[in-house]
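**Student:** Dumping the structure here so I can ask a few things about it.
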Amino acid sequence: MDKKLIGSCIIGQSGGPTAVINASAYGVIKTALEAEEITKVYGAAHGIRGVLDDRLYVMDMEDPKELELLLHTPSSELGSCRYKIADPAKDDTDYKRILEIFKKYNVRYFFYNGGNDSMDTCNKISKYMQSVGYECRVMGVPKTIDNDLYGTDHCPGFASAAKFIATSCMEIDKDMHVYDKPMITVVEAMGRHAGWLTASAALATCFGGGPDLIYLPEVDFDMDKFIADVDRVHKEKGNVFIVVSEGIHYADGSFVSEAKTSATDGFGHAQLGGLAAMLASKLGEHTGIKVRGIELSLLQRCGAHIASATDVEETFNAGKVAVEKAIAGETDKMVAFERVMEDGKYSCKFVTVPLTLAANTEKKVPVEWINAEGNGLKKEFIDYVLPLVQGEVNVPKENSLPRYAKLKKILAE
Ligand code: F6P
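Going by the numbering used here, the first residue of the sequence shown is number 180, and it counts up by one from there.
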C-alpha cells in the first residue's frame, strides 16, 4: 500500500445519464464517507462545471437514507454537463482554476463518472495535476448506455438500457400484431457511433417476439437495400418490425437522420433523433400500409423500474472500487469490468485501465457478430448481452410510485 493520502474528494457526473449512474455515485460517496483517509466528500454540481464554478455539494450533510435511494434513482442526481475542456498545452485557464479549487478544499481524490468524452476530461485533469506536482489521485468511473468505452467488457448503464429496449420491443411486438391488417413499425434506439443498444433488441426476437430487421451504425446504410429488406419481410409475414440506431449512416459517413438535426452538444456532436419518423414516413409512402415510428429517446436511459439488478450491483461496485483503489495508491486509471465465465456462470472482475487508453477510444460491436446481410445479430451477441441483463430490481415505493432520492444539495463555502 502506498503512503496514506489524507484529504477530501470530489465526485462528478458527466455526459448523458443512465438509469443507474447514481448507483456509482452512491458507491463512491458511501465508500468515501466511510474511509478514514477521506476527510470530506463533495459532489460537483454538473460535473466539471461545478468545480470550475465552485459549486460543490457537501455529501457529508446528506441523510444516509436519502443517499441510499440513489441506488435506484435514475438520471444524474448531481447534475451533468457536456463541457469540452481545452487542450492544456493551448489554454490552461480551466486547469489553473481546477487546481485553485482543489487547493481551496484540499481535494486529494477526484472521481469522474462518465463516457468517452468524460474520460478525456478526467485524463487531462489527471495529467495536469501530475505536471504541476499536485498530489491528487484521479480515477475514472465508467458509464454509458452506448457501451462503447475501450478497455472494459461492458459499461455501467448499458445493460439496464438494453433490458428496457428488449422488453419494450417484446411489448411493441404484441401490440403491433393486434389488427387483421399488416403494419410496419420502426423503433429508433440511441447510440451515436456504436450499435450495442440497438443490437439489444435482438434479445426480444430471440426470447419472445421482436424485430425482423436491425440496423447498426457499424454497417453502412443503403436506403435501396433497406426498402428491399422491408418489402421481402412484408411479403413473407405481413407485419414488419424494424429497429434502427440513431447513428446509422451512409457510406460517405453522413447520418441518415442528419437532415432532421442541427443542434450540437458541447463536444460538437450532432443531436440525433427523428429518424424513426423519417423512415416510417418513407416506408408509408412506398408501401401504402400503416406505419409507426417510435423514438425511444430518453425513456431508454431513465427506465430505472426495469433496470438490470446485475447492472445496479456492478455499477455501485465500480464507484466503490474506484475509491478503494485510489486509497490504496492507484491513480490515473479508469475502473473496468473483466468478464469471467466459469462452468457457464458469469461473474465480473473489477480491474483498472490507464485513463490514456480509455479516453476517446470507441468500442464498436464486432462485425463478426452481425449477420451477413447487415440487418441482424448472431448468437455471439446474445451470449454476450444475456448475462448482463439478469436480475430484477426492487425500487423503493411510496403511494405505489417510485420514491427517488431527494438530496439537500448544500453548497460548500
Ligand atoms: O451519452 C450517450 C447518449 O445517450 C447517446 O446515446 C446519445 O446520442 C446522446 O447521449 C444524447 O445526448 P443528449 O442527452 O446530450 O441529447
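Note that CB positions come from ideal geometry on N, CA and C, so glycine has one too.
Go through its chain and collect everything with a Cβ distance to E559's Cβ below 8 Å, but skip five positions before and after it.
**Tutor:** Only P545, E547, W548 meet the Cβ criterion.
**Student:** Does N292 come out as helix, strand or coil in the three-state DSSP assignment?
**Tutor:** Note: N292 maps to strand in three-state DSSP.
**Student:** What is the rounded straight-line gap between the Cα of L231 and the Cα of I280?
**Tutor:** Using only the alpha carbons, I get a separation of about 8 Å.
**Student:** Using only CA atoms, which one of H413, M308, D325, E314 lies nearest to K360?
**Tutor:** Of the candidates H413, M308, D325, E314, the one whose C-alpha sits nearest the C-alpha of K360 is H413.
**Student:** Only counting the same chain, and skipping five residues up and downstream in sequence, which positions put a Cβ closer than 7 Å to that of E213?
**Tutor:** Nothing meets the Cβ criterion.
**Student:** With A202 and F495 assumed to form a contact (beta carbons below 8 Å), what rounded beta-carbon distance in angstroms separates them?
**Tutor:** Yes, A202 and F495 are in contact; Cβ-Cβ is about 4 Å, under 8 Å.
**Student:** Could you pull the start and end residues of the beta strand (DSSP E) that I506 belongs to?
**Tutor:** That residue, I506, is in no beta strand (DSSP E); its alpha helix (DSSP H) goes 488 to 506.
**Student:** Would the stretch 306 to 322 count as touching the stretch 343 to 359 if we require 3 or more Cβ pairs under 8 Å?
**Tutor:** Contact fails: fewer than three Cβ-Cβ distances are below 8 Å.
**Student:** What does the alpha-carbon distance come out to for the pair F420 and D408?
**Tutor:** About 11 Å.
**Student:** Bridge partners of I363, per DSSP?
**Tutor:** Paired residues: V419, V470.
**Student:** Exposed or buried, R411, counting other C-beta atoms within 10 Å across all chains shown (16 or more means buried)?
**Tutor:** Result: exposed.
**Student:** Cβ of G194 within 8 Å of any heavy atom in ligand 1?
**Tutor:** Answer for G194: yes, Cβ within range of ligand 1.
**Student:** Is it right to say Q192 is buried, meaning 16 or more other beta carbons lie within 10 angstroms of its own, or is it exposed?
**Tutor:** Buried, since its Cβ has 16 or more Cβ neighbours within 10 Å.
**Student:** Would you mind sorting K524 into buried or exposed? The rule is 16 or more other CB atoms within 10 Å of its CB.
**Tutor:** By the 10 Å Cβ count, K524 comes out exposed.
**Student:** Which value, in whole angstroms, describes the spacing of the CA atoms of I252 and I324?
**Tutor:** The residue you asked about is not Ile; residue 252 is Thr in the sequence shown. When rounded, the distance between both Cα atoms is 16 Å.
**Student:** Assign V568 to one of three DSSP states: helix, strand, or coil.
**Tutor:** If DSSP states are grouped into helix, strand and coil, V568 belongs with the helices.
**Student:** According to DSSP, which residues form a beta bridge with L556?
**Tutor:** I549.
**Student:** With a threshold of 16 other CB atoms inside 10 Å of the CB of L477, please say whether the residue is buried or exposed.
**Tutor:** That one is exposed.
**Student:** Looking at the strands, I want to know which residues DSSP matches up with E521.
**Tutor:** Bridge partners of E521: K524.
**Student:** Three Cβ pairs or more, each shorter than 8 Å: is that satisfied between the stretch 363 to 373 and the stretch 473 to 491?
**Tutor:** Touching, per the Cβ criterion.
**Student:** When you compare only the Cα positions, how much space is there between R234 and K303?
**Tutor:** In a straight line, the C-alpha of R234 is about 21 Å away from that of K303.
**Student:** Can you tell me which of the three DSSP states T300 falls into?
**Tutor:** T300 falls in the helix class under three-state DSSP.
**Student:** Please confirm whether any heavy atom of ligand 1 lies closer than 8 Å to the CB of L478.
**Tutor:** No.
**Student:** Check each candidate in T384, V423, K416 and name the one with the smallest Cα separation from D401.
**Tutor:** When each option's Cα is compared against that of D401, the closest is V423.
**Student:** State the Cα-Cα distance for the pair A486 and P196, rounded to the nearest angstrom.
**Tutor:** Going from the Cα of A486 to the Cα of P196 covers about 14 Å.
**Student:** Considering just the uninterrupted stretch of the beta strand (DSSP E) at K282, what are its terminal residues?
**Tutor:** It is not in any beta strand (DSSP E) - K282 instead sits in the alpha helix (DSSP H) that spans 272 to 283.
**Student:** DSSP three-state call for Y329: helix, strand or coil?
**Tutor:** Correct three-state label for Y329: coil.
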